[in-house]
Amino acid sequence: MFAYILRRLWQMLPTMAGVVVLVFVLFNWVGGDPAYLLAGKMADAAAIENVRRQLGLDQPWFVQLWIFVKQILTADFGNAWSTGEPVSHIIASRLGPSLTVLVPLTLLETALGIALALAIAFVRGSLTDRAVMVACTVGMSISILVYIIGFQYVFAYRLGLFPVQGWGDSLGENLLRYALLPIIIGLAVSIAPTLRLYRSFVLDEAGQDYVRTARAKGLKERRIVWVHVLRNAAIPIITHVTANLPALLIGAFLLERFFGIPGIGREVILAVERSDFPVIKAITVYVAAATMVFNLLADLLYRAVDPRVQFT
Amino acid sequence: MTQLHLHSPGLWALAWRRLRADRVALAALAVVAGFLLLVLLSGAGLIAGDWEDEVAVNYAPPTFIGADATARALAQAQLPRATPPNAFDPLAAELAALKAQVAARQPPVEKRTTLLFGADKWGHDIVKKTIKGGETSIVVGLVAALLAVTLGTVFGAVSGFYGGWVDDLFNWFYSIFTAIPSILMILTVAAVLQQKGVATIVLILGLTGWTGPYRLMRAEYIRHGAREYVLAAKAIGASGWQRMFGHILPNVAHVALVQMSILVVGFIKAEVILSFLGFGVPVGTVSWGSMLNEAQNELILGKWWQLAAAASAMALLVTSFSLFADALRDALDPKIK
């Protein structure tokens with residue numbers, strides 16, 4: 003197993019190198035010269051030249067690429083252009099608030115999705131099943147913006163059940179007070195696509211021979227669903243959850259923006275608004291690395307769920 | 002015997018027959034066609050061309066609610082009033098002449114206190130604005146999806162057909178693009194391009210969205226590349242390019258079509274979010290996203306109609322489009338349930 007992990011990490015290298023080159027090309031050739039941006043409005047040629055030298059832009063491209071690679075390897079991306087805060091500190095301090103929303107959201111979404119999907123899949127074709135599927139399709143087509151604007155207006159602004167915005171210092175206060183409404187909205191948005199997907203996973207299993215065998219030997223329907231089918235449907239579910247986690251880190255940016263949560267997603271939006279390239283570069287590289295690590299994690303989890311899976 | 006087989010229906014005829022039997026799909030298709038018709042008409046300038054006219058008072062409520070006291074007061078206030086002449090104004094004579102000139106050219110119109118579905122901050126008709134915004138959002142979705150599917154098809158064709166190092170190269174690209182979550186990719190490209198515009202959004206969405214179609218088309222080309230009809234084409238001297246796009250493409254085009262209908266839905270949603278954040282359409286262009294952006298502040302004032310109009314138009318289109326895409330997939334690929 004150790005050898006397997008090592009080999010997988012080794013295989014990630016070309017992809018990671020590709021991500022680094024892609025980000026480098028995007029920011030160095032597609033984007034404009036950041037020196038004009040940084041030197042301010044009334045810059046003379048000397049000031050621009052000065053900024054270019056500080057950024058290493060006067061060097062040949064391979065030296066610049068090497069500077070970028072060194073930044074990644076030492077996890078030191080310098081300071082953010084707009085605020086002067088070290089990029090590593092930005093990422094470290096924004097990760098906590100993001101996870102405060104995302105961990106409960108992912109756990110609840112997965113648990114609720116699995117429970118509903120198992121319940122729905124076993125009344126397939128019935129009126130309930132079709133009604134739920136239509137509701138899911140309609141729910142998926144309403145923009146997440148409408149959910150956020152509507153929920154924030156009704157529950158926070160009108161009824162005053164939750165704070166409209168804000169973020170505190172202690173985990174308990176954040177979790178129980180500020181993160182509650184964002185989590186509820188996140189659930190409302192994500193449950194429809196999740197349920198549709200998990201239902202199809204469960205349906206793939208429900209017609210298998212082992213389900214018929216389990217019924218034939220007299221097992222209770224409840225045990226068939228929750229033990230036999232769930233364990234087999236777990237593999238695609240694990241793939242879905244782990245593949246979505248890094249994307250969710252960014253994907254929750256709308257929630258973070260509307261509710262003033264100082265998370266990674268909001269930081270990306272701010273960085274794009276301010277053309278703060280070091281922050282975007284760092285987050286892109288880290289999230290890409292996280293995506294690949296989580297893919298590996300998913301493969302390791304398969305083994306835990308299904309002993310038939312062999313690492314080759 | 003051969004006569005019977007000569008007229009056996011093809012893939013598209015069979016698919017259309019299956020689609021016609023599905024009432025939900027037909028209703029969805031009718032709604033989508035209705036939206037496309039509106040886009041064509043407004044694109045040609047036949048309807049909603051005058052959406053920027055300030056025909057009503059600010060925030061005029063919908064007709065079915067009726068004008069409220071503030072709207073009436075506003076309408077009164079906005080009627081042209083004679084300002085008392087200022088004896089010390091050195092430009093009084095010139096100003097009076099200018100005002101007379103303006104009045105002669107465009108007589109003051111009384112602004113309406115209600116509209117069919119209300120008015121926005123500037124008194125624009127919400128119905129016309131929604132149609133115009135829909136034009137932007139739908140055109141962006143369609144063109145970006147076309148670009149993404151074209152890229153995915155060409156890459157997938159070359160990759161699956163030739164195999165070898167070409168395949169490795171494109172697979173490497175694919176793994177790079179899928180390692181970065183799509184929304185982060187979109188925001189990164191938006192940060193780099195730094196210019197707003199409809200063409201920019203189309204490029205961003207199209208250049209980042211090709212991975213899904215690529216994976217499916219590559220698999221199709223690998224399957225078809227070894228089939229006898231392709232080998233026969235090679236035997237009569239068809240070039241690789243001809244075999245890829247002349248012989249194989251018509252047989253796998255349905256996969257691309259289904260992918261495109263799925264992507265359109267995703268891209269319309271993405272455009273709305275981008276425009277909402279201000280990375281999308283430029284100022285002066287209306288889209289459903291920019292309408293939602295305005296509506297966010299209006300809601301706190303209790304003016305819900307712009308939000309309702311943009312949100313329900315989008316929900317209706319996206320619901321019908323996804324239902325249609327599902328039905329299309331089922332009709333074209335009966336093996337998958």
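Those sequence lines, one after another, are chains A and B.
So that you can map any letter, position 133 of the first sequence is 135 in the working numbering, and since no number is skipped, the others follow by simple counting.
So that you can map any letter, position 158 of the second sequence is 159 in the working numbering, and since no number is skipped, the others follow by simple counting.
From the three backbone atoms N, C-alpha and C, an ideal C-beta is built for every residue, glycine too.
Keep in mind the model is a prediction, meaning the values are calculated, not measured.
- DSSP lists B:Asp126 as the bridge partner or partners of Ala120 of chain B.
- With respect to chain A, the C-beta atom of Leu185 of chain B has a partner C-beta closer than 7 angstroms.
- The C-beta of Thr130 of chain A comes no closer than 7 angstroms to any C-beta of chain B.
- Residues of chain B with a Cβ closer than 8 angstroms to the Cβ of Ala249 of chain A are, in chain order, Pro182, Ser183, Ile184, Leu185.
- Taking the Cα of Ala146 of chain B as reference, the smallest distance to any Cα among B:Ile202, B:Ala227, B:Gly290 is reached at B:Ile202.
- Beta-bridge partners of Pro63 of chain B (DSSP): B:Leu116.
- The beta carbon of Ile92 of chain A lies closer than 7 angstroms to those of Ala82, Glu269, Val281 in the same chain, with the five residues before and after it left out.
- Take the alpha-carbon of Tyr222 of chain B and the one of Pro195 of chain A: they are about 30 angstroms apart.
- Around Met135 of chain A, no beta-carbon contact reaches into chain B at under 7 angstroms, the shortest distance being about 10 angstroms.
- Taking C-beta atoms under 8 angstroms as the contact rule, Leu41 of chain B and Gly135 of chain B fail to qualify, at a distance of about 12 angstroms.
- In summary, the residues of the region 285-299 of chain A whose CB is separated from some CB of chain B by less than 7 angstroms are Thr286, Val289, Ala290, Thr293, Met294, in the order they occur in the chain.
- Taking the C-beta atoms as reference points, Pro63 of chain B is found nearer than 7 angstroms to Phe118 of chain B.
- Ala245 of chain A and Asp308 of chain A have their C-alpha atoms spaced approximately 19 angstroms apart.
- The criterion of a C-beta distance shorter than 7 angstroms is not satisfied by Val282 of chain B and Gly142 of chain B.
- Contact annotation: in the region 304-318 of chain B, residues whose CB is within less than 7 angstroms of a CB in chain A are Leu308, Ala312, Met315, Ala316.
- The beta carbon of Leu30 of chain B sits closer than 6 angstroms to those of Phe325, all from its chain and outside the five residues before and after it, given in chain order.
- Closest in alpha carbon position to Thr112 of chain A, among A:Pro238, A:Val134, A:Ala133, A:Ile151, is A:Pro238.
- Around Val190 of chain B, the beta-carbon contacts reaching into chain A at under 9 angstroms are Leu28, Val32.
- Sequence-distant partners of Met261 of chain B (beyond 5 residues in either direction) whose C-beta falls short of 6 angstroms from its own C-beta, in its chain, are Ala146, Val150.
- Against chain A, the beta carbon of Ile127 of chain B has no neighbour under 8 angstroms; the closest one sits roughly 16 angstroms away.
- The beta-carbon of Thr320 of chain B is placed less than 7 angstroms from the nearest beta-carbon of chain A.
- In chain order, Ala316, Val319, Thr320, Ser323 make up the part of chain B whose C-beta sits under 7 angstroms from the C-beta of Ser143 of chain A.
- In the structure shown, the three-state DSSP call for Pro88 of chain A is strand.
- The CB of Tyr159 of chain A comes closer than 9 angstroms to the CB of Leu300, Ile301 in chain B, given here in chain order.
- Put simply, the region 118-129 of chain A does not touch the region 293-300 of chain B. Fewer than three CB pairs are less than 8 angstroms apart.
- Against Ile271 of chain A, the close residues of chain B are Leu188, Leu278, in the order they occur along the chain (beta-carbon pairs closer than 8 angstroms).
- Residue pairing by DSSP places Asn81 of chain A opposite A:Pro88 in a beta bridge.
- Excluding sequence positions up to five before and after Phe280 of chain B, its CB lies within less than 6 angstroms of the CB of Ala191, all in the same chain and listed in chain order.
- Excluding residues up to 5 positions away in sequence, nothing lies with its Cβ nearer than 6 angstroms to the Cβ of Gln102 of chain B in the same chain.
- Proximity of Leu147 of chain A to chain B, defined by a Cβ-Cβ separation below 7 angstroms, is satisfied.
- A Cβ-Cβ contact shorter than 7 angstroms links Ser90 of chain A with Ala77 of chain A.
- For the region 158-242 of chain A, the continuous alpha helix (DSSP H) assignments of 4+ residues that do not extend past its boundaries occur at 182-208, 211-218, in sequence order.
- DSSP places Ala254 of chain A in the coil class of the three-state scheme, outside both helix and strand.
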